[in-house]
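Presented below is the structure to which this report refers.
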Amino acid sequence: MFYLFNFYVLAALTVISAIFVITRRNPVHSVIFLIITLLSLALLYVQLQAEFLAAVQIILYIGGIMVLFLFVIMLVNLDVVARQAPFNRQWHIAGLAALVLLGELVAALYWGRGTPTLPLAPPTALQPNTELIGVTLFQNYLLPFEIASVLLLVAMVGAVLMAKRR
Amino acid sequence: MAANNSSQFGVETTVLGADEIILNMGPQHPSTHGVLRVKLKLDGEKVASSECIIGYLHRGVEKIGENRTYPQFAPYVDRTDYVAAVSNGLGYCEAVEKLLGAEAPPRARWVRTILTELQRIASHLLWLGTHALDIGAITPLFYTFREREEILKIFEKYCGARLTTHAFRIGGLQYETYGGFEDEVRVFCKDFDKRIDEYEELLTSNRIWVERTRDIGVITAEHAVAMGVTGPILRGSGVRWDIRKAMPYAAYDQFQFDIPIGQRGDTYDRYLVRLEEMRQSRRILLQAVESIPDGPILARVGKVIKPPPGEVYHSIEAPKGELGYYIVSDGTTQPYRLRIRPPSFINLQALDRMVQGHLVADVVAIIGTIDIVLGEVDR
Amino acid sequence: MVPTTHYLMLSAALFTIGVVGVLTRRNVLIILMSIELILNAVNLNLIAFSRQLSDVTGQIFAIFVITVAAAEAAVGLGILIALFRTRETVNADEIDLLKG
Amino acid sequence: MTNPFDILAPYLPDVLEPFILPLLQIGVVFLGLSLIVAYIVYAERKILAHIQVRLGPMRVGPHGLLQPIADGLKLLLKEDIIPRGADSFIFWLAPVISVMAAFTGFALIPFADNFIVTDVNVGLLFVIGISSLGIYGIILGGWSSNSHYPLLGALRSAAQLVSYEVALGFAIVSALLLSGTLSMSGIVKAQITHGVWFVFVQPVAFFILFVAAIAETNRNPFDLPEAESELVAGFHTEYSGFRFSLYFLGEYAAMILVSSIAVTLFLGGWTRPFQSVGWLDFLKYAPVALFAFCTYWCVAHERKMPRAPEWRWQRLMLLGLGGGAAVLALVFVAVPPVVDAVQGVFWFLVKVCAFLYGFIWFRGTFPRYRFDQLMRLGWHYMIPVAIANTIFCGVGLVLWRSLGWSFAGSLWIGTLLTLLVALLLSGQTEAPEPTVTRRGS
C-alpha cells in the first residue's frame, strides 16, 4: 500500500515535470524540471531495490550531466532564444506521431497483460546490491565495461576538440 | 549571458566577437581603492589592454591653490594623498621655502624627517594590509593597522589630527614637540622590526602569496624610467633612485640608510622593497631621535608670505614616489600657478603595461601593488 | 507491491514525452534533454525488469546506458558550443546549411 | 549502546512507529544542526578575531554569546529584495536547494552507534551525491540574479566544485577499499575491527579529502567564488535578508557535512581515541571535564565583569550557563549510563569541531589562489596523487590479503609509494625562490 502510494506520487512527479521539461520556454527551467524528473526516478530505483543505481543516477546524472547542461546554457546567449518561437513548424505532425507512439506502447502493454507474469522476486533478491553489481560487472561484463571506458575516452576527446577555440 | 550590453555601476560587459569582451571594473568596486574605473579589454581570460578612467574625485586642488594665500593652501595638500598627509605637507612647505629663499631651522628639519618617515611607514602599512586583503589574506590588515594606530597616535599627540595632519608650517613647525615625543618614537621603533618579521611570516614564504605575486605585473627598468614611474615601483624594477639620496631635503643627508632595489620588477619584488623600506625608515627614525638638535622651530619668514616673482620645482620622496610641487609666483600672496606632480597619477600610467597578458584576478593585485590613492590621482 | 506493468506504463509515458520533445522543440539544448528523458525511460524499464526477474543484469545495462548518456551529453554539448560559436544560434531548424 | 530513540518504541502504536521515530531523529538532527551552525558562525568570528588581535562580538550577551540569535533575527526581519530582471522562481529556489542539499546529507551520517537517521547500504554514495546537489544552489542563484558578478562567481564555483569532486571521490575510494562497504556506519565499524583509524594508514587520502573539502565548501584559500576583492560576494551578491541567511546556513551546514564525512571515513566516527587501549577508559569522562571547564570559564569571566547594574543581566546569564554546565557535569558523574549514552555523539562532535577549527584557521592565515592556479592544483596535482593513492592502496591491500603482511605495514608501503609520486609531481612545479631584493648601499 505504502509502496503503491509512493509509486503514484513519484510517477506523477516524473511525468508532470517531464512535460514541463519539453514545454518551458526557458532552458534553465527545463533543466530544473529535468532534475526533478531524474530525482524522482532515482527514488523509484530505490523502491526497485536498485540503490546503487539510484546513487549513480544522483551523482552522475544530476551532479554531473545536468551541471554540464547548465554550464552550456550559461555560455550560450539566451536572450535571443527566449524571444523566438519555442516549437518548430512541424510540431503538430510531430506531436501526433508521438501520440500514436504512446498509443502503440499502451496498447502493447494492455494486450500483453494477459500473458502470465513472472512472480515478483522476494525483496532481498537483489541484495547486497552494490556487491552484486560489482561482481556481475567485473565477471560477466568485463569486456563491455572496458569498451564503455573507451567510449568515454573518445567522447571526452571529442568534446574537448569540439569546444576548443580554433 | 543573462544581460548583455546592460551597464550597471559595478561592471559592464559587451560581447564584441565571441572572444573579446570589455569588462568594466569600478568606479564602485571593492578593490580599485576608491573611485578608479578600469576598462579592461579581455581576450578570453587574458587582459589584452586596459584603460584607466579617472577624475571621479577631482576637486580642482591646483586651481584652489591659485586662489588661496600660501599658508592657507597648506591644509589642502593634505587632502591629495590623504593617507600620507605629512609627506604632502613637507613637499609643499619646502617648495614655498625654496621660493622664499628661506630654510627651516635644524630642529624643524629633524622633526620633519621623523614625522615624514613615520608617515612613510604608516602609508606602507596601509598599503600592505589592503594589498594582502586584495589577494585574499585578511589577517595582515589587522596586524598592520595595529602598528599604524601607534603612528597615528603620535601624530595626534603632536598636532591634534590623525589623518589630515597639517603638521608643518612654511618655514618650519607650528608646534614644539610634546614631552616624550622621542621616547614614543623609540618605543615604536623598538619592536617594529619584529612586527615586520610577523608580516613576513604570514606572507613572504607563503606559497600561495608567492604564486599570486611572483612574475605578476612585471615592468622593466627601461619602461619604468620611460613612463616616469617613481618610488617603490621604480626601485622594484632595479633602478636605484631615491630623492632622499639623490637630492637630499629635510635632514636626510645626515642619516645612514640603504635603498632596497628589486631585480624582476614584479609584484613580489615591490612587496619586498616596501617591507625593506619600512626597515630602513625605522633605521632613519632611530638615528634621528638620537641626534635631534635643540633650537628654534620656525625660520623668520614673516607674517605675510609674499615670495618674490619666480618659479620653483621641488620634489620629495613621498611613500608612493616622487611628489613634486611646481609653483609660479607673481610676487603676490597667492601663487600664480600651482601644479602638483603626484606619484600615484604618474605610476598609474604603468598599469596598462603591467596588466597586459595577465588575468582579471591579477589586475586586482596589480592595482594594489601600484599603491594608488585616488585623492592624489584626481586631485 | 507495485506491479511491474505500472513501471512499464510510466516508462512508456516518459519515452513518449521525450520523443515529443525531440520532434517539436527547436532549441538543441531541449532536444538533448529530451534524449536524456528517453534514455531514462529505457533505464526504468531495465531496472523494473531486473527487479521482476531478480537478475542484476538489467541494472548493469542501465549503468551502460548512463555511460552512453554521459558521452552523448558531452559530445552533444561540445557540438552545440562549436555551433553556437560559428552560427550564433541554438535552433535545430536554422542549422540547414552544409557549409559553415 | 542502543539508539536513544528506541526507548520510546514500546509506547508508540505499531502503525506509526516506522514514521515517528525517524521523524523524531530528523527533528533532533535538524534542530541540533541549526544551533551548531549558528554557533559555528559565532566561533568563526571569535576565533578569527583572536587570530587578528581583536575581540570579535562582545556586546550581545556575555562575550557576544547571543550574537547568532541577534544576527538571525536581523536577517529574518530585513527587507527581501528581488533584483529587477531576476528570474524570481529560480531566485527563490536556489537558496532552498543549497540548504536542502546540505541538510539532507546528515540523514546518512552516523553520529553515534545506532544514532543515524537511515543507514542505507550505499550511504556513502548518497551523501556524496546529495552534497553535490549543493552546486545547483550556487549556479542557479548566480544565474537568476541577472547580474554579472554573481554569474561569474557561480561559473567559477561550478567549475571548482566539479574539479575537486573528482579528487574527493578518489580520496573516498581508498577508505571504501579498506572497509569494503559503502554503509557509513559499516565504515566506522570496519575501523573498530581493524583497530586503527584510517587516517593513520591512509594519510594521503585524508589530506586530499581535507583539501577537497575546503574547495568544495568554497572556503579560503579556495574561496574564489566569493572573492570579495574581485567578485564582490560572488554568487550571493544580490541576495539579502532571509534568502541570504539560507545560503549562509547551507554553506556552514555543508562545512559540517564534509567534516562529518571526513570524520566518519578517516577519524573513526563516534569512537573515542585509542578505543582499544583499556587504561585510557578514563577518557569517557571527557564530557564531564568539558562541562566542568565551561563552569570554571563562566565563573571566572563573571568575576572579571564590572559590578555596575547594567551588567547584571550579562553576569546572571554567564552564571546561569556555568550552572547549567555544572549540573550536566554532575549528572554525568552521578549517572554512568548517561555518560555512556553521550560518548558517541560527544567524540563525533569533538572531531568535527577540530575539523571546523582547521577551516577557520586557514581562513585567518592564507591568501587566496587565483582561479587558474586553483584549477592547476586540482587537475595537475590533487587528482593524479589521488589516483596514485587509490592504486597503491589497492596494492597494499593485496599485500595484506594475499601475502599476509600486516595491515598497517602493507598500507604504509602504498602510502610511501604515493608520497613518492607526489614528490615527483611537485618537482615539476616551481618551488618558491629565494627573495631577490637585497639592500643596496
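One line per chain: the protein sequences are A, B, C and D, in this order.
Under the numbering used here, think of the first position of the first sequence as 1, with each following residue one higher.
Under the numbering used here, think of the first position of the second sequence as 167, with each following residue one higher.
Under the numbering used here, think of the first position of the third sequence as 546, with each following residue one higher.
Under the numbering used here, think of the first position of the fourth sequence as 646, with each following residue one higher.
Don't be surprised by glycine CBs; every beta carbon is placed ideally from N, CA and C.
In DSSP terms, what residue i is bridged to
i, result
"Gly487/B", "Ala484/B"
"Ala757/D", "Phe760/D"
"Pro133/B", "Lying outside 167 to 545, the shown extent of chain B, residue 133/B is not represented and no answer is given."
"Phe334/B", "Leu339/B"
"Met962/D", "Met962/D is not bridged to any residue."
"Gly900/D", "Note that residue 900/D is Met in the sequence shown here, rather than Gly. The partner list for Met900/D (beta bridge, DSSP) is empty, contrary to what the question assumes."
"Tyr479/B", "Tyr492/B"
"Pro1029/D", "DSSP, once it has assigned bridges, lists no residue as partnering Pro1029/D."
"Met191/B", "Val204/B"
"Phe33/A", "In the DSSP output, where bridge partners are listed per residue, Phe33/A has none listed."
"Leu891/D", "In DSSP, Leu891/D forms no bridge with anything."
"Leu464/B", "Gly338/B"
"Arg507/B", "Gly490/B"
"Asn636/C", "Asn572/C"
First and last residue of the uninterrupted beta strand (DSSP E) at residue i
i, result
"Lys472/B", "Looking at the DSSP string, Lys472/B is not in any beta strand (DSSP E), and its letter there is neither H nor E."
"Ile219/B", "Lys212 to Ile219"
"Leu208/B", "Arg203 to Asp209"
Three-state secondary structure assigned by DSSP to residue i
i, result
"Ile458/B", "coil"
"Trp276/B", "helix"
"Gly914/D", "coil"
"Tyr865/D", "Just to set this straight, residue 865/D is Asn in the shown sequence, not Tyr. Asn865/D falls in the coil class under three-state DSSP."
"Arg234/B", "coil"
"Arg25/A", "coil"
"Pro728/D", "coil"
"Pro414/B", "coil"
"Leu44/A", "helix"
"Pro426/B", "strand"
"Ile301/B", "coil"
"Phe609/C", "helix"
"Val154/A", "helix"
"Phe852/D", "helix"
"Tyr61/A", "helix"
Start-to-end residues for the alpha helix (DSSP H) that takes in residue i
i, result
"Leu574/C", "Val573 to Gln597"
"Val989/D", "In the sequence as displayed, the identity of residue 989/D is Gly instead of Val. Unbroken alpha helix (DSSP H) run through Gly989/D: Pro981 to Thr1010."
"Arg1021/D", "Phe1016 to Arg1021"
"Gly95/A", "Trp91 to Gly112"
"Leu75/A", "Met66 to Leu75"
"Gly563/C", "Thr549 to Thr569"
"Asn140/A", "Where Asn140/A is concerned, there is no enclosing alpha helix (DSSP H), given that its DSSP letter is neither H nor E."
"Trp737/D", "Ser733 to Thr749"
"Trp375/B", "Arg373 to Thr379"
"Lys549/B", "Only positions 167 to 545 of chain B appear in this structure, which leaves residue 549/B out of reach."
Quiz item: Should the segment 400-418 of chain B be called in touch with the segment 341-360 of chain B, which here means at least 3 C-beta pairs below 8 Å?
Solution: no
Quiz item: Counting pairs of Cβ atoms below 8 Å between the segment 320-327 of chain B and the segment 515-531 of chain B, do you hit three or more?
Solution: no
Quiz item: Pairing CB atoms from the segment 1029-1037 of chain D with CB atoms from the segment 943-951 of chain D, are three or more of them under 8 Å?
Solution: no
Quiz item: What residues in the segment 90-107 of chain A have a beta carbon less than 8 Å from any beta carbon of chain C?
Solution: Gln90, Trp91, Ala94, Gly95, Ala97, Ala98, Leu99, Leu101, Leu102, Leu105 and Val106
Quiz prompt | Residues within the segment 367-398 of chain B neighbouring chain D, beta-carbon criterion of under 8 Å | solution = Leu368, Leu369, Thr370, Ser371, Asn372, Arg373, Ile374, Trp375, Val376, Glu377, Arg378 and Arg380
Quiz item: Listed from N- to C-terminal order along the chain, which residues in the segment 523-541 of chain B have their beta-carbon within a distance smaller than 9 Å of any beta-carbon of chain D?
Solution: Leu525, Val526, Ala527, Asp528, Val529, Val530, Ala531 and Gly534
Quiz item: Along the segment 463-485 of chain B, what residues have a CB closer than 7 Å to any CB found in chain D?
Solution: none
Exercise. Please confirm if the segment 883-900 of chain D is in contact with the segment 740-752 of chain D, defined as three or more CB-CB distances below 8 Å between the two stretches.
Key: yes
Practice problem: Could you tell me whether the segment 377-390 of chain B touches the segment 525-545 of chain B, using the rule of 3 or more Cβ pairs below 8 Å? | Solution: yes
Self-check item: Short-range partners of chain A found in the segment 570-595 of chain C, where Cβ spacing is below 8 Å
Solution: Arg570, Arg571, Asn572, Leu574, Ile575, Leu577, Met578, Ser579, Glu581, Leu582, Asn585, Asn588, Leu589, Ile592, Ala593 and Ser595
Quiz item: In chain order, what residues of the segment 1004-1024 of chain D put their CB closer than 9 Å to some CB of chain B?
Solution: Arg1008, Gly1009, Thr1010, Phe1011, Pro1012, Arg1013, Tyr1014, Arg1015, Phe1016, Asp1017 and Gln1018
Quiz item: Closer than 7 Å, Cβ to any Cβ of chain D: which residues of the segment 4-17 of chain A, in chain order?
Solution: none
Quiz item: At a cut of 8 Å, does the segment 498-510 of chain B reach the segment 216-231 of chain B through at least three beta carbon pairs?
Solution: yes
Quiz item: In chain order, what residues of the segment 125-149 of chain A put their CB closer than 7 Å to some CB of chain C?
Solution: Ala125, Leu126, Leu132, Ile133, Thr136, Leu137, Tyr141, Pro144 and Ala148
Quiz item: Of the residues that make up the segment 64-77 of chain A, which ones have a beta carbon closer than 9 Å to any beta carbon in chain C?
Solution: Gly64, Ile65, Met66, Leu68, Phe69, Phe71, Val72, Ile73, Leu75, Val76 and Asn77
Quiz prompt | Cβ contact (3+ pairs, closer than 8 Å) linking the segment 1001-1011 of chain D and the segment 949-960 of chain D | solution = no
Self-check item: Within 8 Å of chain D by C-beta, residues of the segment 13-45 of chain A in sequence order
Solution: Asn26, Val28, His29, Ile32 and Ile35
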